[in-house]
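Under our numbering, the first residue of the sequence shown is numbered 37, with each subsequent residue one higher. Yeah, the Cβ is synthetic: ideal placement off N, Cα and C, and Gly gets one too. These numbers were taken from a predicted model, which means no experiment stands behind them.
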Amino acid sequence: MIALIVAHFALAACAGPLVHRLGRRAFVVLALPPAAAAVWALTRWSTAASGGADTWSWQWIPDYGVALDLRLDALAELMVLLAAGVGALVLLYCASYFTDDTPQLGRFAGNLLAFAGAMLALVLADDLITLYVFWELTTVFSYLLIGHGSEHRHSRRSALQALVVTTFGGLAMLVGFLIIGQAAGTYRISAIVADPPETTLAVSVAVVLVLCGALSKSAIWPFSMWLPNAMAAPTPVSAYLHAAAMVKAGVYLIARLAPAFADVPVWNPVVLVLGGATMLLGGWRALRLNDLKLVLAYGTVSQLGFLTLLAGTGNRNAALAAAAMILGHALFKAPLFLVTGIVDHAAGSRDLRELSGVGRSLPYVAGVAALAAASMAALPPLLGFAAKEAAFEALLHGSAADRWALAAVVAGSALTTAYSLRFVWGAFARKPGVPDTPVHRVGWAFLAPPALLAVLGLVLGPGVGWTDRLLGAYADTFPADGKPYHLALWHGFGLALLLSALAWAAGAVLFVGRAHVTRLSRRIAWPTADSVFGHLLLGQERLALQVTGFIQRGSLSVYLATTLLVMLAGQLAVLMVDTPWDGAVRPRLWDNPLQGAVAALTCAAALLCLTVRRRMKAVVLAGLTGYGAALLFVVQGAPDLALTQFCVETVSMIVFVLVLRRMPVHFQETVSTWRRAARIPTALAAAATVGVGMWVAAAARTAEPAGAAMVREVADHGLKDVVATILVDLRAWDTMGESAVLAAAAIGVTSLIYLHRRSEGTMVQEELRGRTAWSLSAHHSSRLPQGDDVAPERGWLAAGATLAPEHRSIVFEVVARLLFHPILVLSVYLLFCAESLPGGGFVAGLVAGLALITRYLAGGRFELAEAAPLQPGLFTGLGLFISTGVGLIGLLDGTVLHAFTYYGHLPVFGKYHLSTSVLFDFGVYLLVLGVVLDIVRALGAKIDRQIERAAGVLTPEGGPEAGGTPR
37 MIALIVAHFA LAACAGPLVH RLGRRAFVVL ALPPAAAAVW ALTRWSTAAS
87 GGADTWSWQW IPDYGVALDL RLDALAELMV LLAAGVGALV LLYCASYFTD
137 DTPQLGRFAG NLLAFAGAML ALVLADDLIT LYVFWELTTV FSYLLIGHGS
187 EHRHSRRSAL QALVVTTFGG LAMLVGFLII GQAAGTYRIS AIVADPPETT
237 LAVSVAVVLV LCGALSKSAI WPFSMWLPNA MAAPTPVSAY LHAAAMVKAG
287 VYLIARLAPA FADVPVWNPV VLVLGGATML LGGWRALRLN DLKLVLAYGT
337 VSQLGFLTLL AGTGNRNAAL AAAAMILGHA LFKAPLFLVT GIVDHAAGSR
387 DLRELSGVGR SLPYVAGVAA LAAASMAALP PLLGFAAKEA AFEALLHGSA
437 ADRWALAAVV AGSALTTAYS LRFVWGAFAR KPGVPDTPVH RVGWAFLAPP
487 ALLAVLGLVL GPGVGWTDRL LGAYADTFPA DGKPYHLALW HGFGLALLLS
537 ALAWAAGAVL FVGRAHVTRL SRRIAWPTAD SVFGHLLLGQ ERLALQVTGF
587 IQRGSLSVYL ATTLLVMLAG QLAVLMVDTP WDGAVRPRLW DNPLQGAVAA
637 LTCAAALLCL TVRRRMKAVV LAGLTGYGAA LLFVVQGAPD LALTQFCVET
687 VSMIVFVLVL RRMPVHFQET VSTWRRAARI PTALAAAATV GVGMWVAAAA
737 RTAEPAGAAM VREVADHGLK DVVATILVDL RAWDTMGESA VLAAAAIGVT
787 SLIYLHRRSE GTMVQEELRG RTAWSLSAHH SSRLPQGDDV APERGWLAAG
837 ATLAPEHRSI VFEVVARLLF HPILVLSVYL LFCAESLPGG GFVAGLVAGL
887 ALITRYLAGG RFELAEAAPL QPGLFTGLGL FISTGVGLIG LLDGTVLHAF
937 TYYGHLPVFG KYHLSTSVLF DFGVYLLVLG VVLDIVRALG AKIDRQIERA
987 AGVLTPEGGP EAGGTPR
C-alpha cells in the first residue's frame, strides 16, 4: 500500500521532465501508478468482500499514539477502485485533451498525479491524524489544479474560494478529530468504529465539527458555492476531482464514521436536512443554466446531497444503497464531464444555446453521453437505476425522518431527470433557428475513457449482484434492521418502482416546460451563495481596513503599551478572582546579595530606556539589560546560558549600531509629557504582574522537576553538560525547528533590503574608484594631516588599503589581525567541548560570527569579503542539510533524531568517540554562522555599497547588476 502511494508522489515529482521530453504522451506514463493501484485493489477484492482487511502500520509519533496506519477494507476497496481507476482513465484522456504546447503542462500533470496519490492515501488511512494530513493535501493540490489558468482572474478567485471553504472545514474537522481521539483513547479509525466513545457533550461537539469538514469538502449547503466556481479548472480536473475523487471525500468520511456516530443525537438532523436541501437546491439551479459544465456542476452538488443523506442515515440498507450510489455516480458523472470536454474541444463552445446538431456530427460521443445521462436519471437497465431503487427501499422502510427524507429524494430525482434530459438536448440536439455547429473529428483515444466508464455503468446494471458481496460487507458494519436488502436490477413491481416512475414523469414534465421553469426559477432566485461569499469577503476586508486604521497608528510605543495594558488587565483579573497565591511557598528575594545588586542595576538600565531621546543611548541601555541578565546567569551558576546571552547581546548591539547609521539620531515620535510620565508606572506594573505570575506558576508545581531526571540521563551516557545534551539530543526536535525558523527569519529580513535579488556580487576592490563609505560618511577635520604621509607602513589587513589613511586605526587592525584566528579556534573548541563543558553549536556559531564582525569593523566591506568569500546562504543551507540529514539517519533505528555513538582508538590520541549529536550541533554551528554573516553583509556591507553608489565612487561593474539594488 505504502509503495503505491509513494510511487504516485515520486512520479509526480518527475512529471515536468517527462512532459518536457514526451509531451502530452507523458500522461500515459503518469497513468501507471493509479492503474497499478486499481489492479492491486482488484486482487484484494475477495478479502475485502469476505469482511477481511489488509493493514500496514508505521509508528509516526509513538509518544502521542499517532501512527501512519493504512487499511483496505470493503469501503476503502470501493474508493480505491474509483480514485485509482477513474484517475488512470482521466490521465489517459489528458493525452488527447491537451496539446504539446499547452502552457505549464508539466506542472499540471504533476499536480494531478500527486492529487491522485493524496486521495489514495486518504481513503486508505486508518488513523484520524493521517487522514487529516492527506485530506489537506487534496485541498492544496485541488487549489493548484483549479487555479491552473492563473492568468485568468476567475480561475484565481475560484481556486482561492475552494481553498478557503475546504480549509475552514478541515480545521474544524481537525479539532473534532482531536476530541474524538482523546475521548476514545485512540486515533485508530477501525478501533473507534468498533468501540465508539460514550456520547457526551464533547463528543457531540466533535461530531458537528467533523461534519463541518465533511460537508465543506463535499460541497453541501451552505458550503456548496465553491464547486460550481471550480469549473474554471480544465475539464479533466472536473471529471476527476469533482465527480470521482475530492468531492467524494466528505461522503466517504460520513460513510466511514456513520457506524460509530449515527446514533449521536446531532448526527441525523444535520445530515438528513442539509443533504436533502442540497439535493433540491442544486437540482433546481441546474435547470436554468446554459453552460454544460455548470449544469453538471450543480447536478453534482445535487447528487452529493443525495449521497450524504444516504451515507448518514445510519441503517444497513441505506448504507448499502449509498455504496452502490457512490459507484454509480462516479460511472455516470465522470464520463459526462469528459464528454463535455470533448464537445468543447470539437465545437469550441459549451453554451447549450449555441450548440446545435452536434449529435449528428458526433454520434458516438452522443451515444456515450446518452448512456451516462440515462444512468444519472436512474433509467433501467443501468447501474443508476439499481442504486436508486435500493435507496427508495431503504428510506421506505426506515424511520419517520427517513420517510420525510424520501419525499425530498423523490423530488430531487425528478429534478435529476429534468437536468439529465436538458444536458443531452442542449449538447447534441438540433435546435430550431440555430445553425448546426461545425465540429472537428474526435479520435478513439479521446473517446475511449468516457466510453469505458459509461459501458461499465451499463454492464453493472444487470450485473450489480457482482458487487453485492463487497458493498454488503461494508453495510454489515451497521446493525441489521429487518430483512437485509440485496442489490439486484429487478425486485419486481412495488412502491419503489412507482416512485421511480413518478420521478421520471415529473422530470419529463419539467423538461418539456423548461422555458417556463427557467423563467420561474430566475424570478424566485435567491442571492447566490457565491455572491454572498463575495460580499462577506468584501465586508471583512473593509472591516479589517477600518479596524487597522483605527488601531495601527504607526507608533510602536502605543502598540507596546496597549499590549502590556491588556496583559496587565487580564492577569490582574485572574489573580484577583482566583487568588492563586493562597498556600503558595513564599518567594525569596535572592540567594545572595550579589543577585539583588545585579538585578537592581539591570532594572535601572531598563527604566532609563524610557526616558532617553537619542537612539544610541537607548541601544546602549537596552544592551546593558541584556548583559545584566547574563550576569544573573553567571551568579546563578548557569555558564552555558550566560555565554550564549553575552554573545547574543554583543551581536545584537553591533547590528543595532549598523542599522542606526541610516536612521536619525533622535527618536522622531513626539511624545506628550503625560505619556512620558505614564511609561514608567506602566512598565513597573507590567513587570510586577509578570513577576507575580512567574512566582504563582512556579509555586503551583505538583510534579517532581524534570531536572534531576535529565541530569541522571546525561550522566548515564557519560556526559556532563546537561544543557548542551538537552539541545542536541533530548530535545533535538525543538532545536531543529528553531534552527529552521531562525534561518527563515534571517533570510526574510535581509531579503527586504534588496529590490531585485539577494545574491552578492563579487566585492572586488577594483570596483572602487574613490573613498569608501566610511570615509564618505565621516566629517574631515582640517586639524588632522591628510594623504599618505601618516599611512601605516605595512598593511595588517587584507583590504586595509581601501580605507582612507586618516580613518585607519592601527591598533584596531593589529588586534583584529591577532584575534581573528584565535577566536575561530575558540569557536571550534566550544563546538566540540559541549559534551562536558559550556559550549555548543549555537554559541560557537555566534563566536565565529563575532570574529567576522571584527574583521568588518576593522577593515570595511572589502575586508569582510576577503575573510568570508563564500555566500552566507551556503553556510545556512549546509547547516540545515547536515542537521536534517543527521536526524533522518536515526530512522535506521526506527526513530527520527536517534543518536548513534562510535567508539574508536587512535595511536597517538588514544580512545575517542564520535556521536551523531556532535554532527547535528555542527549543522547548527554552520547555520548560525551563516545567519550572522548574512545579517552583517545586509546591514553592513550592502549599506556601505549603497552609500558609495550614491556618491558615484563605484565603477559601472559595481552597479546594481553586480549585486542587486538595495532599498
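Sub-9 Å separation of residue i and residue j beta-carbons
i	j	result
Val460	Ala383	no
Ile362	Leu556	no
Ala65	Leu148	The amino acid at residue 65 is misidentified as Ala; the sequence shows Val. In this structure, Leu148 does not lie closer than 9 Å to Val65 by Cβ.
Gly543	Ala454	yes
Ser403	Leu346	Looking at the sequence shown, residue 403 is not Ser but Gly. No.
Ala666	Ala678	yes
Leu1007	Ala450	Residue 1007 lies beyond the residue range present for the chain, which begins at 37 and ends at 1003; the question has no answer from this structure.
Thr1	Thr314	Because the chain is modelled from 37 through 1003, residue 1 falls outside the range shown and cannot be assessed.
Leu158	Leu167	yes
Val553	Arg324	yes
Trp257	Gly341	yes
Asp957	Val687	no
His188	Pro270	no
Outcome for residue i when other beta-carbon atoms lying within 10 angstroms are tallied against a minimum of 16
i	result
Met699	exposed
His571	exposed
Phe297	buried
Leu579	exposed
Ile1008	Examination of residue 1008 is not possible in this model, given that the chain is present from 37 through 1003 alone.
His190	exposed
His365	buried
Thr599	exposed
Asp614	exposed
Tyr939	exposed
Asp770	exposed
Proximity to residue i [Cα-Cα], best of the options
i	options	result
Pro623	Leu574, Ala735 and Lys653	Ala735
Gly249	Ala227, Gly875, Leu604 and Gly286	Gly286
Arg396	Thr761, Val379 and Leu310	Val379
Val594	Ala62, Val693, Ala719 and Ala161	Ala719
Leu251	Lys284, Ala781 and Ala227	Lys284
Phe917	Lys947, Gly895, Phe177 and Tyr961	Tyr961
Ala195	Pro264, Gly205 and Ser226	Pro264
Arg466	Phe514, Ala537, Gly393 and Thr175	Gly393
Trp526	His365, Lys424, Ala724 and His190	Lys424
Arg505	Tyr179, Ser82 and Leu888	Ser82
Leu924	Arg386, Phe911, Thr952 and Ala413	Thr952
Asp618	Gly377, Ala733, Val861 and Val211	Ala733
Gly153	Val169, Gln140, Leu141 and Gly142	Val169
Alpha carbon of residue i to alpha carbon of residue j, nearest angstrom
i	j	result
Leu873	Asp676	8 Å
Met155	Leu696	53 Å
Thr138	Leu317	37 Å
His857	Gly926	35 Å
Pro741	Asp99	20 Å
Ala481	Val302	49 Å
Ala516	Leu507	15 Å
Thr175	Met267	16 Å
Val968	Val883	10 Å
Thr336	Ala281	12 Å
Gly434	Ala73	37 Å
Ala779	Leu963	7 Å
Gln822	Ala834	With a pLDDT of only 47 at Gln822, under the threshold of 50, the placement of this residue in the model should not be trusted; the figure read from the coordinates follows. Approximately 22 Å between the Cα atoms of the pair.
Ala887	Leu854	11 Å
Ala524	Val470	43 Å
His816	Arg844	For His816, the predicted model reports a pLDDT of 44, less than 50, meaning its position is unreliable; a value from the coordinates is still stated below. Computed Cα separation, rounded: 13 Å.
Assumed close pair residue i, residue j - CB separation to whole angstroms, cut-off 8 Å
i	j	result
Ala360	Ala426	6 Å
Leu1011	Phe151	With the chain covering 37 to 1003 only, the question about residue 1011 has no answer from this structure.
Ala782	Ile971	6 Å
Within-9 Å CB hit, residue i to chain C
i	result
Ala739	The question asks about chain C, but that chain is absent: this structure has only one protein chain.
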